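Student:
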C-alpha cells in the first residue's frame, strides 16, 4: 500500500486494525481454535457467525482521527465509532477534557459523521451533561460506568454500611 502517513494516518491504521477484527476473507484475525470453540476444529459457519457478531469500533481519540473521521467511517470493516474525549481534548491542544463547548463541538462533529455514514457511535457519558448531549446527538450506546468505577463504588458503599 502506498500512502502518506500524514495524509490519512488514522484511516490507514484503522484499515489494518479492523481487518484484524474479522476472520473471513475480509480479515486477518488469527484462525486458531479459541475458548468459545472449545479449542477444537470449527467450520466456516463458526467464523461467519463470529464475524457477524463482532463489531469493529475504532476510537476517535486524536486530532488526526477526528480529521479522518469520515474516511474511517467509510471503511467497509468499520461498524461504528467509540469516542475518546479525554485523549481527543489533549491532542487538540486544549489540555484536560473539561466538557467545554470546544470539546462538545468535537463530539457533535463525530456524531454528525456517524449519522451521515449510517453507523452507530458510542459515548463514554460519565456526567449528566454528557448523557444529555449524547442522547440529543443520537448515540447508539452510552458508557456510564466501568468495572473499576463500579467496584470502587460498591466497596465504598459496603464500608459505609
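Numbering (our numbering), first residue to last: 5 to 165.
We put the beta carbon where it would ideally sit given N, CA and C, even for glycine.
Quantities reported herein were computed from a predicted structural model and do not represent experimental measurements.
Residue 133 to residue 95, Cα distance in whole Å?
Tutor: Translated into the one-based positions of the chain shown, residue 133 becomes position 129. Translated into the one-based positions of the chain shown, residue 95 becomes position 91. Their backbone Cα atoms lie some 22 Å apart in a straight line.
Student: Just the Cα atoms here: how many angstroms apart are residue 135 and residue 148?
Tutor: Here residue 135 refers to the residue found at position 131 of the chain shown. Here residue 148 refers to the residue found at position 144 of the chain shown. Taking the straight line from one Cα to the other gives about 8 Å.
Student: For residue 113, which residues from the same chain have a beta carbon less than 8 Å from its beta carbon, with the 5 sequence-adjacent residues on both sides left out?
Tutor: Against the chain shown, residue 113 aligns to sequence position 109. The answer, listed in chain order, is 70 and 73.
Student: In the structure shown, what three-state DSSP assignment does residue 80 receive?
Tutor: Looking up residue 80 in the chain shown gives position 76. Residue 80 falls in the coil class under three-state DSSP.
Student: In or out: residue 150 buried (at least 16 other Cβ within 10 Å) or exposed?
Tutor: Taking the first residue of the chain shown as 1, we reach residue 150 at position 146. When all chains shown are included, residue 150 counts as exposed.
Student: Helix, strand or coil for residue 149, going by three-state DSSP, please let me know.
Tutor: Here residue 149 corresponds to residue number 145 of the chain shown, with the count starting at 1. If DSSP states are grouped into helix, strand and coil, residue 149 belongs with coil.
Student: According to DSSP, is residue 124 part of a helix, a strand, or is it coil?
Tutor: As a working mapping, residue 124 is identified with position 120 in the chain shown. Coil, per DSSP.
Student: Which residues in the same chain as residue 126 place their Cβ atom closer than 8 Å to its Cβ, once the five residues preceding and following it in sequence are excluded?
Tutor: The count along the chain shown starts at 1 and reaches residue 126 at position 122. So the qualifying residues of the chain are 61, 84, 85, 86, 87, 143, 144, 145, 146 and 147.
Student: State the DSSP-derived secondary structure class of residue 61, mapped to helix, strand or coil.
Tutor: In the chain shown, residue 61 corresponds to position 57, counting from 1. If DSSP states are grouped into helix, strand and coil, residue 61 belongs with coil.
Student: Just grab the DSSP bridge partners of residue 73 for me.
Tutor: Position 69 of the chain shown, counted from the start, is the residue given in the question as residue 73. According to DSSP, which records beta bridges pairwise, residue 73 is partnered with nothing at all.
Student: Quick one: give me the first and last residue of the beta strand (DSSP E) that residue 87 is part of.
Tutor: Position 83 of the chain shown, counting from 1, holds the residue named residue 87. Here the beta strand (DSSP E) through residue 87 covers 85–87.
Student: Per DSSP, what kind of secondary structure is residue 119 in: helix, strand or coil?
Tutor: Along the chain shown, read from residue 1 onward, the residue named residue 119 stands at position 115. Looking at residue 119 - three-state DSSP - the assignment turns out to be helix.
Student: In its own chain, which residues sit with a C-beta less than 8 Å from the C-beta of residue 108, not counting the 5 before and 5 after it?
Tutor: Along the chain shown, one-based indexing puts residue 108 at 104. 137, listed in sequence order.
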